[in-house]
Amino acid sequence: METELKPCPFCGGKAEFIDEADDWYSNYSVDDEWVNLPMWVRCVECGAKIEADENDAKEDIIDQWNTRA
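Numbering that gives the first Met the number 0 numbers the first residue of the sequence shown as 0 and each following residue consecutively.
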C-alpha cells in the first residue's frame, strides 16, 4: 500500500514524488563509479521540495514530506 502525499505545508498545493531512478538514465558512470540520481517530493504550485539522502527509501522521503511543519 502506497502512502498518499499530503498537500504542501506552505501553500496547500498538490505534491508529487519524483524518482529519477525510474528513468533510463538513472544510473550513470562518473570516473568509473556508478552514481544514483536523486528522488524528491515537490509542490507543483510553489516549488517547495524535500530531497532524499542517499540512504533514504521512497517511503522515507514521503514520510519526511508528510510530517514536516
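Beta carbons are placed, not taken as given, at the ideal position from N, Cα and C, and that holds for glycine.
None of the values given here were measured: they were computed from a predicted structure.
Phe9 beta carbon less than 7 Å from that of Cys45
Yes, Cβ-Cβ distance for Cys45 and Phe9 is below 7 Å.
Would you give the residue range spanned by the alpha helix (DSSP H) that Lys57 belongs to?
Looking at the DSSP string, the run of the alpha helix (DSSP H) that includes Lys57 is Lys57 to Thr66.
Which term fits Ala51, buried or exposed, when burial requires 16 or more other beta carbons within 10 angstroms of its beta carbon?
The residue is buried, with at least 16 neighbouring Cβ atoms inside 10 Å.
Could you give the distance in angstroms between the alpha-carbon of Val40 and the alpha-carbon of Ile49?
One Cα belongs to Val40, the other to Ile49, and the distance between them is close to 6 Å.
Taking only three categories from DSSP, how would you classify Glu19?
In this structure, Glu19 counts as helix in the three-state DSSP scheme.
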